[in-house]
Amino acid sequence: MYPRREREGVSDSRASSVVFVTAVVVLASSGVGVVTAPATASPAAVATEPMVETSHSRLLFQTDDETDDNVTPRHRDPREYDEDGNLEALERRLMTRMVDDLEAGALSLEEGEYERAARSVDESYADSFDRYAEIAAETAGENDAALFELAGENQGRIVEAVRRYNETKAEYERARAAGDEGRARSLARDLETLATSINESSRELRATYDDLESATDANLSTADAAIETVTEEIRAEQATVRETEFVATVLTVDADREMISFSEPLTATGRLRTATGRPVGSEPIRLAVGNGSVRTETAADGSFAFEYRPTAEPVSTERLAIEYVPANESLYLGSETAVDVSVEQVDPTVSGLQTPTAVAYGETATVGGDLHVDETPVDGVPLAVTLGDERIGRTETTNGSFEAAVEVPATVPDGGRELGVRLAYEDRALAGTTATTDVTVRETEVDVTVSATRVGDAERTVAVDGTLETTDGSPVAGRPVRLDAGGTTLETVTTADDGSFAATVAVPAGAVRSDGAIVATYDGSGSNLASDTAASTVSFSTDARSWWGIPAWVWFGLGGGLIAFLGAAVFVWRRRGRSSPSSQSASAGDAATDTATNPAAERSSTEIAGAVLEHGRDALSRGRPNRAVELAYAAVRHALSDRIDAGDSSTTLTHWEFYRRWTDRRADGPDSDDDTAERALLRTVTERYERATFDVTDVSSAEAERVLEAVGRLCDRRTDGDGGTRSEPGDHGG
Numbered sequence: 001m002y003p004r005r006e007r008e009g010v011s012d013s014r015a016s017s018v019v020f021v022t023a024v025v026v027l028a029s030s031g032v033g034v035v036t037a038p039a040t041a042s043p044a045a046v047a048t049e050p051m052v053e054t055s056h057s058r059l060l061f062q063t064d065d066e067t068d069d070n071v072t073p074r075h076r077d078p079r080e081y082d083e084d085g086n087l088e089a090l091e092r093r094l095m096t097r098m099v100d101d102l103e104a105g106a107l108s109l110e111e112g113e114y115e116r117a118a119r120s121v122d123e124s125y126a127d128s129f130d131r132y133a134e135i136a137a138e139t140a141g142e143n144d145a146a147l148f149e150l151a152g153e154n155q156g157r158i159v160e161a162v163r164r165y166n167e168t169k170a171e172y173e174r175a176r177a178a179g180d181e182g183r184a185r186s187l188a189r190d191l192e193t194l195a196t197s198i199n200e201s202s203r204e205l206r207a208t209y210d211d212l213e214s215a216t217d218a219n220l221s222t223a224d225a226a227i228e229t230v231t232e233e234i235r236a237e238q239a240t241v242r243e244t245e246f247v248a249t250v251l252t253v254d255a256d257r258e259m260i261s262f263s264e265p266l267t268a269t270g271r272l273r274t275a276t277g278r279p280v281g282s283e284p285i286r287l288a289v290g291n292g293s294v295r296t297e298t299a300a301d302g303s304f305a306f307e308y309r310p311t312a313e314p315v316s317t318e319r320l321a322i323e324y325v326p327a328n329e330s331l332y333l334g335s336e337t338a339v340d341v342s343v344e345q346v347d348p349t350v351s352g353l354q355t356p357t358a359v360a361y362g363e364t365a366t367v368g369g370d371l372h373v374d375e376t377p378v379d380g381v382p383l384a385v386t387l388g389d390e391r392i393g394r395t396e397t398t399n400g401s402f403e404a405a406v407e408v409p410a411t412v413p414d415g416g417r418e419l420g421v422r423l424a425y426e427d428r429a430l431a432g433t434t435a436t437t438d439v440t441v442r443e444t445e446v447d448v449t450v451s452a453t454r455v456g457d458a459e460r461t462v463a464v465d466g467t468l469e470t471t472d473g474s475p476v477a478g479r480p481v482r483l484d485a486g487g488t489t490l491e492t493v494t495t496a497d498d499g500s501f502a503a504t505v506a507v508p509a510g511a512v513r514s515d516g517a518i519v520a521t522y523d524g525s526g527s528n529l530a531s532d533t534a535a536s537t538v539s540f541s542t543d544a545r546s547w548w549g550i551p552a553w554v555w556f557g558l559g560g561g562l563i564a565f566l567g568a569a570v571f572v573w574r575r576r577g578r579s580s581p582s583s584q585s586a587s588a589g590d591a592a593t594d595t596a597t598n599p600a601a602e603r604s605s606t607e608i609a610g611a612v613l614e615h616g617r618d619a620l621s622r623g624r625p626n627r628a629v630e631l632a633y634a635a636v637r638h639a640l641s642d643r644i645d646a647g648d649s650s651t652t653l654t655h656w657e658f659y660r661r662w663t664d665r666r667a668d669g670p671d672s673d674d675d676t677a678e679r680a681l682l683r684t685v686t687e688r689y690e691r692a693t694f695d696v697t698d699v700s701s702a703e704a705e706r707v708l709e710a711v712g713r714l715c716d717r718r719t720d721g722d723g724g725t726r727s728e729p730g731d732h733g734g
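According to UniProt numbering, the residues represented by the sequence shown are 1 to 734, in order.
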């Protein structure tokens with residue numbers, strides 16, 4: 001009998017042990033148990049970790065069940081259509097929709113509904129075109145995206161021109177009704193320009209309609225007829241305006257010679273008459289000649305003479321266009337003709353080039369000089385201002401002289417460069433030329449700031465914002481800033497006009513475990529800005545974690561139930577007198593385990609401190625001792641923050657509060673030479689940090705070097721202490 005009861009007792013003990021182990025495993029999984037060994041994840045587990053789903057990804061990979069059968073989902077992956085076998089069907093639907101939009105827009109234009117006509121090619125058409133272009137690229141058939149794009153652009157252009165024509169026409173009629181002849185004639189001139197533009201746009205649009213009908217099975221006859229009707233109406237209206245306000249002219253020009261160049265200009269005579277043969281005499285006139293213009297005056301009989309020096313005309317030019325361009329208030333209409341020429345190229349020269357000897361980011365560099373051929377100044381020629389291999393500005397000659405004030409961009413590398421101007425002509429009447437002087441592009445120091453905060457209850461989603469500025473506070477725009485965590489690049493952002501940047505990033509579990517640093521880095525390589533780095537610490541709580549797809553609160557509930565069951569089992573077991581010394585020993589061992597420190601988190605803070613300290617050494621090597629001290633202090637805060645009570649938020653403490661809290665914590669245990677040395681080192685670092693941050697006097701390079709060495713020793717002592725050479729308070733005694 002007794003042996004049987006003994007076996008039952010052993011069986012109960014084993015059952016209780018199983019229950020106890022199960023409870024411990026559950027509690028450890030939920031982050032509250034007595035076992036605190038670091039969790040590890042296998043590569044397979046990491047590989048299968050679900051990605052964060054965004055609204056964009058839901059739109060991109062939407063399934064057929066999630067969409068209305070009558071609505072084409074926007075930005076759906078074309079390969080999904082291909083797999084369903086309906087990619088070509090969707091392409092045809094989108095083509096039909098664009099044709100319908102073109103037709104609806106043309107009919108709205110004919111009815112004078114300009115806003116509706118514009119929306120047809122601005123909104124619905126543009127949306128369909130974007131999706132069509134994406135899908136057409138995946139099909140094996142003809143891709144007519146270019147034709148549809150051209151049709152949309154041309155129709156939008158004619159809609160805008162017709163709207164402006166009718167608005168100007170109404171204003172013109174009001175001016176005539178008010179008896180303001182000058183204003184009416186000026187508006188009539190604007191109407192003439194708009195009517196010409198409408199004629200050209202109409203011709204291009206209708207030709208594109210024809211091309212679309214040839215390339216597809218589209219029928220655009222209704223749209224074509226509507227555009228033709230609108231164009232004919234405007235032609236008729238403008239003919240009336242022209243006859244009312246203007247007198248037609250005829251221009252004739254005779255050239256003295258055919259071979260021309262800038263050195264040997266075109267000299268010509270001409271005559272300007274009305275269409276009825278009456279001379280336009282004693283009138284100042286402007287003639288548009290080739291790519292330039294000249295001003296002259298007609299004699300009483302309408303005759304005139306002029307000289308023209310070609311500059312931008314291609315050397316292949318054989319006919320030089322000449323047009324009479326009347327002033328807005330003139331009662332004459334323009335007219336044009338052309339003469340036969342042969343253009344010979346000549347070499348211009350830049351002289352008297354003036355530039356600064358040194359420049360830096362954000363500074364204004366003034367470049368000036370003269371451009372001439374032999375002794376003749378070159379007028380009205382565009383020049384590019386260049387620094388190194390980059391074009392940084394533009395200017396134009398006036399009577400042969402030029403001057404430009406341009407801002408130095410960040411994209412030009414620092415060092416010795418060439419600053420000057422370039423005439424970028426090829427095969428023109430003037431040959432291309434370049435003139436530069438040597439300048440030094442100085443490197444500009446920058447400061448990166450960053451702040452990182454967890455987003456709501458999201459465990460590993462972090463909102464990051466910061467700035468990139470020069471050390472004098474000027475914002476640096478349009479530059480990339482890399483965001484890292486634990487050596488993993490999260491995202492690269494671009495600074496705004498005010499130098500700010502912002503992003504919301506997901507931090508992988510493998511990058512940081514508990515407290516981690518979001519590091520913002522500006523890499524100045526290839527620019528004239530120095531590199532800089534800043535870090536912000538984020539605490540990643542484990543309270544909301546889940547295991548095997550089950551939320552933590554479920555595990556807490558199960559753990560609580562098992563603890564209750566375990567308590568009952570232990571009570572029964574003790575009542576049966578089966579307790580043993582070994583169980584008490586195990587309990588004591590578990591209690592000791594409960595105070596163990598999580599080495600994964602310690603490794604994380606050590607790595608962070610080391611990385612920030614390296615950035616401090618780099619700052620000192622670039623001649624920035626104040627910045628080096630600031631980074632060194634940030635490193636020591638990371639290295640020593642775990643020595644502050646866990647219940648305290650050490651990141652909110654000031655530098656002296658942190659020092660006092662840390663020294664108070666050390667004072668709880670027995671004093672030693674090492675403790676005294678550490679307090680002295682931390683005090684030195686704190687004092688130098690205060691001076692670097694708040695004092696008007698800069699820290700010297702030698703002082704910064706000593707601070708870096710002190711922080712290095714503190715970090716080394718901390719690492720050694722974690723290895724067991726130093727005891728935490730509460731570990732003494734037994």
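Virtual Cβ for every residue (Gly too), placed ideally from N, Cα, C.
Query - the stretch 290-301 / the stretch 251-258 touching (three or more Cβ pairs under 8 Å) - result: no
Query raised in the report: In terms of DSSP beta bridges, what is Arg422 paired with?
Result: Counting from 1 along the sequence shown, the entry for residue 422 is found at position 422. For Arg422, which the question treats as bridged, DSSP gives the partners Ala384 and Thr434.
Query raised in the report: Residues in its own chain within less than 8 Å of Thr48 by CB, not counting five upstream and five downstream?
Result: Within the sequence shown, numbered from 1, the residue matching residue 48 stands at position 48. Its pLDDT being 33, under 50, Thr48 is placed unreliably in this model, and the value from its coordinates should be taken loosely. Nothing meets the Cβ criterion.
Query raised in the report: Alpha carbon to alpha carbon, what distance is there between Asp523 and Val408?
Result: What you label residue 408 is simply residue 408 of the sequence shown in a count that begins at 1. What you label residue 523 is simply residue 523 of the sequence shown in a count that begins at 1. Between Val408 and Asp523, the C-alpha separation is close to 19 Å.
Report task. With distances taken Cα to Cα, identify the nearest neighbour of Phe540 among Glu167, Asp515 and Leu205. Result -> Translated into the one-based positions of the sequence shown, residue 540 becomes position 540. Nearest of Glu167, Asp515 and Leu205 to Phe540, Cα basis: Asp515.
Requested in this report: Specify, as a first and last residue, the run of the alpha helix (DSSP H) that Ala146 falls within.
Outcome: Here the question's residue 146 lines up with position 146 in the sequence shown. Its alpha helix (DSSP H) spans residues Ala145 to Ala177.
**Report entry** Sub-8 Å separation of Leu353 and Gly400 beta-carbons
**Finding:** For the purposes of this step, residue 353 is identified with residue 353 of the sequence shown, where counting begins at 1. For the purposes of this step, residue 400 is identified with residue 400 of the sequence shown, where counting begins at 1. No, these two residues do not count as a Cβ contact at 8 Å.
Requested in this report: Mind reading off the beta-carbon distance from Pro382 to Val343? Whole number of angstroms is fine, and I expect it under 8 Å.
Outcome: As a first step, residue 382 must be located in the sequence shown, where it is residue number 382. As a first step, residue 343 must be located in the sequence shown, where it is residue number 343. With a Cβ gap of about 19 Å, Pro382 and Val343 do not count as contacting.
Query raised in the report: Going straight from the alpha carbon of Cys715 to that of Gly510, what length do you get?
Result: Along the sequence shown, one-based indexing puts residue 715 at 715. Along the sequence shown, one-based indexing puts residue 510 at 510. Their Cα atoms are separated by approximately 24 Å.
Report task. Verify whether the separation of the beta carbon atoms of Glu705 and Leu620 is less than 8 Å. Result -> Against the sequence shown, residue 705 aligns to sequence position 705. Against the sequence shown, residue 620 aligns to sequence position 620. Yes, the pair counts as a contact, with Cβ atoms nearer than the cut-off.
Query raised in the report: Do Ala530 and Arg622 have their C-beta atoms within less than 8 Å of each other?
Result: Taking the sequence shown and counting its residues from 1, one reaches residue 530 at position 530. Taking the sequence shown and counting its residues from 1, one reaches residue 622 at position 622. Result yes, Cβ atoms of Ala530 and Arg622 sit closer than 8 Å.
Report task. Please determine, among Glu171, Gly466 and Ala218, the residue with the shortest C-alpha to C-alpha distance to Thr96. Result -> Position 96 of the sequence shown, counted from the first residue, corresponds to residue 96. Nearest C-alpha to Thr96: Ala218.
Query raised in the report: Quick one: Cα of Thr495 to Cα of Pro413, how far?
Result: What you label residue 495 is simply residue 495 of the sequence shown in a count that begins at 1. What you label residue 413 is simply residue 413 of the sequence shown in a count that begins at 1. Computed Cα separation, rounded: 19 Å.
Report task. List the whole-angstrom C-beta distance separating Ala502 from Val464, where the pair is believed to meet the contact cut-off of C-beta under 8 Å. Result -> The residue given as residue 502 occupies position 502 in the sequence shown. The residue given as residue 464 occupies position 464 in the sequence shown. Confirmed, about 7 Å.
Requested in this report: State yes or no: is the C-beta of Arg479 within less than 8 Å of the C-beta of Leu468?
Outcome: Working through the sequence shown from its first residue, we reach residue 479 at position 479. Working through the sequence shown from its first residue, we reach residue 468 at position 468. A contact, by the Cβ cut-off of 8 Å.
Query raised in the report: How would you call Thr398, buried or exposed, if buried means at least 16 neighbouring beta carbons within 10 angstroms?
Result: Within the sequence shown, numbered from 1, the residue matching residue 398 stands at position 398. Exposed, by the Cβ-count rule.
Query - Between the CA atoms of Leu191 and Glu167 - distance to the nearest angstrom - result: For the purposes of this step, residue 167 is taken as residue 167 along the sequence shown, with counting starting at 1. For the purposes of this step, residue 191 is taken as residue 191 along the sequence shown, with counting starting at 1. Roughly 10 Å separates the two Cα atoms.
Requested in this report: Could you round the C-beta distance between Glu390 and Gly368 to whole angstroms and report it? I think they count as a contact, below 8 Å.
Outcome: What you label residue 390 is simply residue 390 of the sequence shown in a count that begins at 1. What you label residue 368 is simply residue 368 of the sequence shown in a count that begins at 1. Not quite, the Cβ-Cβ distance comes to about 19 Å (not below 8 Å), so this is no contact.
Query raised in the report: Name the DSSP beta bridge partners of Ser342, please?
Result: Within the sequence shown, numbered from 1, the residue matching residue 342 stands at position 342. For Ser342, which the question treats as bridged, DSSP gives the partners Met259.
Query raised in the report: Three-state secondary structure (DSSP) at Leu714?
Result: If you number the sequence shown from 1, residue 714 lands on position 714. DSSP places Leu714 in helix when its eight states are reduced to three.
Requested in this report: Pull up the CB-CB distance for Glu103 and Thr229, whole angstroms please, since I reckon it's below 8 Å.
Outcome: Translated into positions along the sequence shown, residue 103 becomes position 103. Translated into positions along the sequence shown, residue 229 becomes position 229. With 8 Å as the limit, Glu103 and Thr229 do not qualify as a contact, their Cβ atoms being about 14 Å apart.
Query raised in the report: In or out: Met259 buried (at least 16 other Cβ within 10 Å) or exposed?
Result: Here the question's residue 259 lines up with position 259 in the sequence shown. When all chains shown are included, Met259 counts as exposed.
Query raised in the report: With contact counted as at least three CB pairs below 8 Å, one residue from each stretch, are the stretch 180-195 and the stretch 232-245 in contact?
Result: yes
Query raised in the report: Would Ala506 pass as a contact of Val448 if the rule is Cβ separation under 8 Å?
Result: Reading the sequence shown from its first residue, position 506 is the one you call residue 506. Reading the sequence shown from its first residue, position 448 is the one you call residue 448. No, the Cβ-Cβ distance between Ala506 and Val448 is not below 8 Å.
Query raised in the report: How many angstroms separate the CA atom of His732 from the CA atom of Gly487?
Result: In the sequence shown, counting from the first residue as 1, residue 732 sits at position 732. In the sequence shown, counting from the first residue as 1, residue 487 sits at position 487. In this predicted model, His732 has a pLDDT of only 38, less than 50, meaning its place in the structure is not dependable enough to derive any value.
Query raised in the report: At a cut-off of 7 Å, is Ala520 close to the ligand COA when judged by its beta-carbon and the heavy atoms of the ligand?
Result: The ligand COA is not among the ligands present in this structure, which contains no ligands whatsoever.
Query raised in the report: Just how far apart, CA to CA, sit Tyr425 and Val493?
Result: Residue 425 sits at position 425 when you count from the first residue of the sequence shown. Residue 493 sits at position 493 when you count from the first residue of the sequence shown. Straight-line Cα distance between these residues: approximately 38 Å.
Query raised in the report: How is Asp414 classed by DSSP in three states: helix, strand or coil?
Result: Along the sequence shown, one-based indexing puts residue 414 at 414. Of the three classes helix, strand and coil, the one that applies to Asp414 here is coil, per DSSP.
Query raised in the report: What separation, rounded to the nearest whole angstrom, lies between the Cα atoms of Arg164 and Arg157?
Result: The residue you call residue 164 lines up with position 164 of the sequence shown. The residue you call residue 157 lines up with position 157 of the sequence shown. Whole-angstrom Cα-Cα distance: 11 Å.
Query - Per-residue DSSP class, three states only, for residue 739 - result: This structure cannot settle anything about residue 739, because the visible part of the chain is limited to 1 through 734.
Query - Residue range of the unbroken beta strand (DSSP E) whose run includes Val367 - result: Within the sequence shown, numbered from 1, the residue matching residue 367 stands at position 367. Element bounds for Val367: Thr364 to Val373.
Query raised in the report: Secondary structure at Ala680, three-state DSSP: helix, strand or coil?
Result: The count along the sequence shown starts at 1 and reaches residue 680 at position 680. Looking at Ala680 - three-state DSSP - the assignment turns out to be helix.
Query - Proximal residues to Ser261 (C-beta, below 6 Å), its chain only, five neighbours per side dropped - result: Locating residue 261 in the sequence shown gives position 261, counting from the first residue. Result list for Ser261: Glu344 and Val346, in chain order.
Query raised in the report: What do you get for Gly112, buried or exposed, if any count of 16 or more other CB atoms within 10 angstroms of its CB means buried?
Result: Here residue 112 refers to the residue found at position 112 of the sequence shown. Exposed: under 16 other Cβ atoms inside 10 Å.
Query raised in the report: Can you tell me whether Ser474 is buried or exposed, with buried defined as 16 or more other CB within 10 angstroms of its CB?
Result: The count along the sequence shown starts at 1 and reaches residue 474 at position 474. Exposed, by the Cβ-count rule.
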